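Visitor: So the sequence shown is numbered by my numbering: it starts at 23 and just counts up by one. In this text, a Cβ means the ideal position worked out from N, Cα and C, and glycines have one as well. Every value quoted in this text rests on a predicted model; they were computed, and no experiment measured them.
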Amino acid sequence: MDEGCEAVRISVQKHSIDELVEWISSLPMESEVPTNFSYSNSGYILLGKIIETVSGSTYADFLEREIFGPAGMKDSSLESSSILSNRASGYEMTAERELRNASYIDMSNAYSAGGIVSTARDLHMLNCALDEGKLLSGDMTVKLFSWDGQQPYRYGWNRTSIRANRTMAFHHGGINGYTASYLKLLDQEIAVIVLSNVSTMLTSTLAGVIVNALGEDSLL
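1) Determine the closest residue to residue 228 out of 207, 194, 46, 84, with distance taken between C-alpha atoms.
2) Comparing alpha-carbon positions, which option in 106, 88, 123 lies nearest residue 151?
3) In terms of DSSP beta bridges, what is residue 207 paired with?
4) Which residues in the same chain have their Cβ closer than 8 Å to the Cβ of residue 238, if we skip the five residues on either side of it in sequence?
5) Take residue 71 as the anchor and find which of 91, 60, 46 has the nearest alpha-carbon.
6) How many angstroms separate the CA atom of residue 110 from the CA atom of residue 123?
7) Between which two residues does the beta strand (DSSP E) harbouring residue 113 extend?
8) Expressed to the nearest angstrom, what Euclidean distance is found between the alpha-carbon atoms of residue 60 and residue 135?
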């Protein structure tokens with residue numbers, strides 16, 4: 023069985039964080055450390071395990087105590103088997119432009135690489151908390167969003183230079199049935215947050231249109 027088929031097989035079964043780490047450690051290295059950078063969900067799974075080990079808390083408890091609570095994000099949580107009222111079902115668009123239910127994934131496999139349930143309002147609260155220094159010290163916030171023009175991805179954010187050398191931090195993401203984009207125009211104190219419950223509708227495209235409407239260059 024090749025790695026792609028194995029990943030699909032694993033994604034539909036429930037796994038603990040330790041089982042995920044064990045599976046990741048069994049995979050071959052893409053390159054020698056530290057010769058190359060490569061974004062991967064596996065890296066975020068490992069980061070979640072590191073957070074649990076260092077903090078002595080579960081990842082879910084850590085998020086609530088250190089981020090959701092201080093930021094006032096009342097409708098955000100790590101995905102679980104609990105029933106959530108007003109939850110948006112996830113869909114996919116077929117080649118014939120028909121909606122269908124999203125392909126199944128057991129969300130225990132997303133974990134710290136995309137297992138958070140949230141809303142646009144709560145992400146606005148997160149943005150405000152970052153700007154107001156509720157989550158990090160001033161020095162740490164500066165470090166979080168600083169960019170020397172070299173490696174554009176660090177601390178969980180992509181960075182790019184847009185019109186008049188203005189810097190934007192952003193991240194796009196997606197999982198079965200859902201896509202999301204969070205763009206932060208750093209020198210304008212503007213954030214663009216777009217969520218979709220259709221995984222084939224790229225929120226990055228709509229987010230780019232909104233930024234263009236604000237007078238910035240296209241990000242696409």
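Guide: Taking the structure as given:
1) Sequence index remark: in the sequence shown, residue 228 carries index 206 (1-based). When each option's Cα is compared against that of residue 228, the closest is 194.
2) By one-based count along the sequence shown, residue 151 stands at place 129. Comparing Cα positions, the closest option is 88.
3) Here residue 207 refers to the residue found at position 185 of the sequence shown. In the DSSP assignment, the residues bridged to residue 207 are 190, 212.
4) On the sequence shown, position 216 is the one that residue 238 refers to. Any reading at residue 238 needs caution, since the residue's pLDDT is 47, under 50, leaving its predicted position unreliable; the model's value is listed next. The residues are 184, 185, 188, 190, 207.
5) Within the sequence shown, residue 71 is the residue found at index 49, counting from 1. Looking at the Cα atoms, 46 is the closest of the given residues.
6) Counted from its first residue, the sequence shown places residue 110 at position 88. Counted from its first residue, the sequence shown places residue 123 at position 101. The alpha-carbon atoms of residue 110 and residue 123 are separated by roughly 12 Å.
7) In the sequence shown, residue 113 corresponds to position 91, counting from 1. Residues 113 to 115.
8) Counting from one through the sequence shown, the residue named residue 60 turns up at place 38. Counting from one through the sequence shown, the residue named residue 135 turns up at place 113. Put simply, the backbone Cα of residue 60 is about 15 Å away from that of residue 135.
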